[in-house]
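*Asks:* Chains as they are written, first to last, in this note's numbering: chain A, 267 to 350; chain B, 267 to 350; chain C, 2 to 741; chain D, 561 to 791.
Note that CB positions come from ideal geometry on N, CA and C, so glycine has one too.
Fair warning: this is a prediction, and the values are worked out from it, not measured in the lab.
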Ligand SMILES: Nc1ncnc2c1ncn2[C@@H]1O[C@H](COP(=O)(O)OP(=O)(O)O)[C@@H](O)[C@H]1O
Ligand SMILES: [Mg+2]
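If you want it as structure tokens, here you go:
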């Protein structure tokens, strides 16, 4: 069993209205010195088998085809032994 | 400058409707052997200063007060040197 | 001013021809610098300048007793009595939606809403008119669900209900989906605002979102057709923020209640360039701004980028001198950034400084109105006569008419659209008296008896066969839908979606369609108050069906006249106003059953159309009409079926007998125009006969409402279906096409 | 009686509540701006629908920190009546004034439609004009209305009779199809233990005039007015 941790983030320069709103909310709560807040997705996909390299290739393809929107998002991921 | 990477995930017991749909979408795309998919948030907060420990305490508080809802969510985070 | 070296390539890459560039040189009396070139290229793009269409649009009727503002402003304005003004406009967001369906559609909604509240009106409703390729194709399903998701995501959050629209699917739209959105707002007649700068030295204030590199050259992109390399244009995608737009609506309307504002203009296509140039040229003034004061989201932005950015949710406001503080306070209350970036000046120059250093200086009118006007070559497509030829004798009659009807009901073009409008809040503001699902949506107006009825319509398949008649029918059907809702048609806005105007055949389609719209609007006394032209809807030479979309507004003096299309009670009489001819050309039936797109669209006699609409409206106002539903895609059989299904309280049966000796499939599924199916109490039948006779309109008593089956008998055909089977087919058409 | 309607940035049902209270019920209503920590002497506080702060991060997550919410909490603490509809319900759960949380609809999309609700408890100031088991009709309009609470919490809700409305079909049956968002145990509305705070996803203000298709929503206002009159 393997676990893929996938991080989907907005491309630099793409407006992150949610992040900006959360930033000012944190500031009104009294938190200071916040440069900026960007909010993306964190996906955990658990996969059968334990062939890391094959898994990496599959996850790469999942991101390309479905999990990330190439127009406005970037992605990165790690594949670990389950539980890891 | 420091960067906090924050991971907010649904508690294990909580049904992740979106995760389940993504799972079946991946399967219709022909991906096999997917145990399950869970979808959470990935927040990147950039902070002034470089006092790691203080920063950790602040981020901990941000999560407790705003970024995660203890009724349905868990959170974890790392604080790194910016760019890291 | 620094002299730039403008190469022919640079000019070409800005979508400007050599002749257009010479015109710029003549206007300026010198070579433009890069920023100025960018400003011209955006403002002189087809999208902003209407250079290929304006000479034809000028032929449309735009005047009428109720028209307070025709084309030329952010939106059209109608006097609807009680001291109220109705403000409405339609816009296309086809190209951005093709590139990024969710954000493209979302920002389309945001943009049209801004056009409405900049005039001082509170936006009360949005409509969406959509066209996609067949849903059998995954790419089209992705575009469809992305677009609907974007309209829902933005409209629901910003708090303007989306109460109606259209959704039509056909192969040509695979080459470019259409996303047209209309917004309607209500203002006090004496509190209208116009985007005209005025008062030398009045401050020019920037409000709303910070400026990023979003959509730079979106305006030029919206004017370029796609080739396979469209992906490279992707970085120009804008992202919408409905929350900030909601704040802008509230803050602007709050300010417009006072006397601090002179003019308001949103920053849409061509951003700061368009907003400053249009405000100045409309007001006959100049404007000077310093980019140093423009709030920005990204570092190192050049004047070129700042002037052309299409970041969303930004407005430009001209305030009275001395009002700055009050204006700032209101925006602060709503957590919006506001910055004075310049002032109104004498003379017509648009001067752009960067930290005091001049970076651009151009006559505002040259940008706003100086683009050339083209009469491009026109020629009908060679195949047009072939397309129009239809030999009915070669088409076998259906073996089973019930099966044929079920096939039509399953077609996405006819099928229940609830999966779409269920995703939209269509009830907010408590105005929705007739909800989506009926011919026209009826919205009551606060503080009075009055209500408005609205519909958007346009059949591209008809227009492909005959753009003139297709456009004429679009106007007639929109009016007919409004009449079925109980409304008196008042005026239209429109969106004209076509391929590349540089192709004579496309240009011919456009000119014919504009003729048709003008003809229809003159005949029905519904002037054109505004609209939008979207050319270059094609990929690698494959163009969409020519698709003029009409947005019609009607008025009800008393909301009690509000009528929907659903049968009400057992025993009511069902009748047909108008007559059915043997017309199957360009019909949904041909497309669904034979995969054919050919033949002449149905004929339209404007005098008859008027008479039918008059009769229906008169009957409604006398309280005779329990339901009214016009015949459109799918013909009489589908119209009757739609009156049985989708109503609150579950389906209701009907039992009708059709006279007439024409081909049974034409009788059932032909799309003859100027027909309305009404239901009424038996006791009211004589009165309806009188009205029809007085207007010389054919009236046929078809049968009665009631029972648990859909029964339809003709001389040579029979349909007898259980309601639940019919409803299942009708609801299956779009089910699970939108994804989660 | 005077109703105070809280306005957050991004709220949009406030005008609708105002219209129903003033024009239909002929009672008083005032708006309470979220930045002001003052309830203006309201007898009942309403948190309307909408997308407060864009519903960014989580629905209601940011709104709960508005100054006015401290007053709302104090008011509830003293036994004042607080009604949260739609976004208002989401805010009340985030603020901890009501148990549980509201998650993304199981269908994953926004739904605006009429639903049937079964009254599960008439023993609240908001439902006293209704009978247990009575079926009423109101619209919903939300993308995140799936009620969730853990097992222990759910047991407490049931034991204390805190479930006030459940989604049902027109006959009152708790069928799968009748649950529009996948809410746990069909929960559409809950109250706090003290029963003076109610949250529900449906929109009673959209069902207060015959011309709009139902007057059932008025039963909630009637209950409130009746309660306040006796107090
Ligand atoms: N994209 C859409 N958004 C909202 N409502 C829609 C949409 N498409 C269709 N509808 C609604 O479905 C009903 C049927 O649409 P349509 O078949 O185009 O009606 P008609 O043929 O009378 O113009 C109308 O009430 C229309 O408002
Ligand atoms: Mg119709």
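#1: Along the beta strand (DSSP E) that carries residue 91 (chain C), what are the first and last residues, could you check?
#2: Which same chain residues, not among the five before or five after residue 335 (chain B), have their C-beta less than 7 Å away from its C-beta?
#3: In whole angstroms, what is the alpha-carbon distance linking residue 190 (chain C) and residue 84 (chain C)?
#4: Using a Cβ-Cβ cutoff of 7 Å, what residues of the region 608-636 of chain D are near chain A? List them in chain order.
#5: How long is the line joining the alpha carbons of residue 685 (chain C) and residue 695 (chain D), rounded to whole angstroms?
#6: Is the CB of residue 745 (chain D) under 8 Å away from at least one CB in chain E?
#7: Would you kindly report the start and end of the unbroken alpha helix (DSSP H) that includes residue 511 (chain C)?
#8: Mind checking residue 279 (chain C): buried by the 16 CB within 10 Å criterion, or exposed?
#9: Tell me the rounded alpha-carbon separation between residue 405 (chain C) and residue 682 (chain C).
#10: List in chain order: all unbroken alpha helix (DSSP H) runs of 4+ residues lying wholly within the region 336-423 of chain C.
#11: On the premise that residue 616 (chain C) lies in contact with residue 518 (chain C), defined as a C-beta separation below 8 Å, what is that separation, rounded to the nearest angstrom?
#12: Within 8 Å (strictly less), CB to CB, does residue 717 (chain D) reach chain B?
#13: Within the same chain, show all residues whose beta-carbon is closer than 6 Å to that of residue 742 (chain D), passing over the 5 residues directly before and after it, in chain order.
#14: Sort out for me which residues DSSP pairs residue 25 (chain C) with in a bridge.
#15: Using 8 Å as the limit for Cβ to Cβ distance, is residue 339 (chain B) near chain A?
#16: If you run the structure through DSSP and keep just helix, strand and coil, what is residue 617 (chain C)?
#17: Can you name, in chain order, every residue of its own chain whose Cβ lies under 6 Å from the Cβ of residue 735 (chain C), other than the five neighbours on each side?
#18: Say whether the region 545-564 of chain C touches the region 642-658 of chain C, bearing in mind that this needs 3 or more beta-carbon pairs closer than 8 Å, one atom from each stretch.
#19: Please classify residue 615 (chain D) as buried or exposed, where buried requires at least 16 neighbouring CB atoms within 10 angstroms.
#20: Check whether chain C comes within 8 Å of residue 777 (chain D), counting only Cβ atoms and requiring the distance to be less than that.
#21: Return the residue from the list C:379, C:504, C:522, C:181 that minimises the CA-CA distance to residue 473 (chain C).
#22: According to DSSP, residue 17 (chain C) sits in a beta bridge with which residue or residues?
#23: If you draw a straight line from the C-alpha of residue 559 (chain C) to the C-alpha of residue 79 (chain C), how long is it?
#24: Could you tell me whether the Cβ of residue 345 (chain A) comes closer than 8 Å to any Cβ of chain B?
#25: State yes or no: is the beta carbon of residue 117 (chain C) nearer than 8 Å to at least one beta carbon in chain A?
#26: Once you ignore the five residues that flank residue 56 (chain C) on each side, which residues in its own chain have a CB closer than 7 Å to its CB?
#27: On the CB-based measure, 16 or more other CB atoms within 10 Å of its CB, does residue 70 (chain C) come out buried or exposed?
#28: Name, please, each residue of chain D whose Cβ falls closer than 7 Å to the Cβ of residue 466 (chain C).
#29: Alpha carbon to alpha carbon, how far is residue 298 (chain B) from residue 246 (chain C)? Give it in angstroms, no decimals.
#30: Quick check: what's the CA-CA separation for residue 263 (chain C) versus residue 52 (chain C)?
#31: Give the interface partners of residue 291 (chain A) over in chain D, defined as CB-CB distance under 9 Å, in chain order.
#32: Leaving out five residues before and five after residue 228 (chain B) in sequence, what residues of the same chain have Cβ atoms less than 7 Å from its Cβ?
#33: Do residue 133 (chain C) and residue 455 (chain C) have their C-beta atoms closer together than 8 Å?
#34: Helix, strand or coil for residue 317 (chain A), going by three-state DSSP, please let me know.
#35: Under 8 Å between beta-carbons, which chain A residues line up against residue 398 (chain B)? List them in chain order, please.
#36: Below 9 Å on C-beta distance, what does residue 283 (chain B) contact in chain D?
*Replies:* Answer, in terms of the structure:
#1: Residue 91 (chain C) sits at position 90 when you count from the first residue of the third chain. 85-93 is the span of the beta strand (DSSP E), which, as asked, contains residue 91 (chain C).
#2: Stepping through the second chain from its first residue, residue 335 (chain B) is reached at position 69. None.
#3: Sequence index remark: in the third chain, residue 190 (chain C) carries index 189 (1-based). Sequence index remark: in the third chain, residue 84 (chain C) carries index 83 (1-based). Taking the straight line from one Cα to the other gives about 5 Å.
#4: 613, 614, 616, 617, 622, 625
#5: Residue numbering aside, residue 685 (chain C) sits at position 684 when the third chain is read from its first letter. Residue numbering aside, residue 695 (chain D) sits at position 135 when the fourth chain is read from its first letter. Their backbone Cα atoms lie some 36 Å apart in a straight line.
#6: Here chain E cannot be found, since the structure's protein chains are A, B, C and D.
#7: Stepping through the third chain from its first residue, residue 511 (chain C) is reached at position 510. 505-524 is the span of the alpha helix (DSSP H), which, as asked, contains residue 511 (chain C).
#8: As a first step, residue 279 (chain C) is located in the third chain; it is residue number 278 there, counting from the start. Buried, by the Cβ-count rule.
#9: The residue given as residue 405 (chain C) occupies position 404 in the third chain. The residue given as residue 682 (chain C) occupies position 681 in the third chain. One C-alpha to the other measures close to 31 Å.
#10: 365-370, 385-389, 402-411, 419-422
#11: Residue 518 (chain C) sits at position 517 when you count from the first residue of the third chain. Residue 616 (chain C) sits at position 615 when you count from the first residue of the third chain. The Cβ separation is near 24 Å, so there is no contact.
#12: Here the question's residue 717 (chain D) lines up with position 157 in the fourth chain. Not an interface residue.
#13: By one-based count along the fourth chain, residue 742 (chain D) stands at place 182. If we look at residue 742 (chain D) and ignore the five residues flanking it on each side, its Cβ neighbours are 666, 706.
#14: Against the third chain, residue 25 (chain C) aligns to sequence position 24. Looking at the DSSP assignment, residue 25 (chain C) forms no beta bridge with any residue, so it has no partner.
#15: Reading the second chain from its first residue, position 73 is the one you call residue 339 (chain B). No, no contact with chain A.
#16: On the third chain, residue 617 (chain C) is found 616 positions in, with the first residue counted as 1. In this structure, residue 617 (chain C) counts as helix in the three-state DSSP scheme.
#17: Here residue 735 (chain C) is taken as the residue at index 734 of the third chain, counted from 1. Counting only Cβ-Cβ distances below 6 Å, and skipping sequence neighbours, we find 413, 416, 420.
#18: no
#19: Position 55 of the fourth chain, counting from 1, holds the residue named residue 615 (chain D). Residue 615 (chain D) is buried by the Cβ-count criterion.
#20: As a first step, residue 777 (chain D) must be located in the fourth chain, where it is residue number 217. No, residue 777 (chain D) does not count as interfacial toward chain C.
#21: Counting from 1 along the third chain, the entry for residue 473 (chain C) is found at position 472. Among C:379, C:504, C:522, C:181, the Cα nearest to that of residue 473 (chain C) is on C:522.
#22: Indexing the third chain from 1 puts residue 17 (chain C) at position 16. DSSP lists no partner for residue 17 (chain C).
#23: As a working mapping, residue 559 (chain C) is identified with position 558 in the third chain. As a working mapping, residue 79 (chain C) is identified with position 78 in the third chain. Cα to Cα, residue 559 (chain C) sits roughly 18 Å from residue 79 (chain C).
#24: Position 79 of the first chain holds residue 345 (chain A). Not closer than 8 Å to any Cβ of chain B, the Cβ of residue 345 (chain A) fails to qualify, so no.
#25: In the third chain, the residue the question calls residue 117 (chain C) occupies position 116. Chain A contact via Cβ: absent.
#26: Against the third chain, residue 56 (chain C) aligns to sequence position 55. Once the five neighbours on either side are set aside, the close Cβ partners of residue 56 (chain C) are 374, 376.
#27: Along the third chain, one-based indexing puts residue 70 (chain C) at 69. Looking at its Cβ environment, which holds 16 or more other Cβ atoms inside 10 Å, residue 70 (chain C) is buried.
#28: Start at 1 with the first residue of the third chain, and residue 466 (chain C) comes out as number 465. Those within 7 Å of residue 466 (chain C) in chain D number zero; the least Cβ separation is about 36 Å.
#29: Within the third chain, residue 246 (chain C) is the residue found at index 245, counting from 1. Within the second chain, residue 298 (chain B) is the residue found at index 32, counting from 1. Near 43 Å, if we compare the C-alpha coordinates of residue 298 (chain B) and residue 246 (chain C).
#30: As a first step, residue 263 (chain C) must be located in the third chain, where it is residue number 262. As a first step, residue 52 (chain C) must be located in the third chain, where it is residue number 51. Each residue's Cα considered, the two are about 29 Å apart.
#31: By 1-based counting over the first chain, the position of residue 291 (chain A) is 25. Per Cβ cutoff of 9 Å: 613, 616, 617, 621, 622, 625.
#32: What the structure shows of chain B is the stretch from 267 to 350, and residue 228 (chain B) is not part of that stretch, so it cannot be assessed.
#33: Looking up residue 133 (chain C) in the third chain gives position 132. Looking up residue 455 (chain C) in the third chain gives position 454. No; because the gap between Cβ atoms is not below 8 Å, this pair is not in contact.
#34: In the first chain, the residue the question calls residue 317 (chain A) occupies position 51. Coil, per DSSP.
#35: In the structure as shown, chain B begins at 267 and stops at 350. Residue 398 (chain B) is therefore absent and cannot be evaluated.
#36: The residue given as residue 283 (chain B) occupies position 17 in the second chain. Ordered by position in chain D, the residues that pass the 9 Å Cβ test against residue 283 (chain B) are 663, 664, 665, 666, 667, 668, 706, 742.
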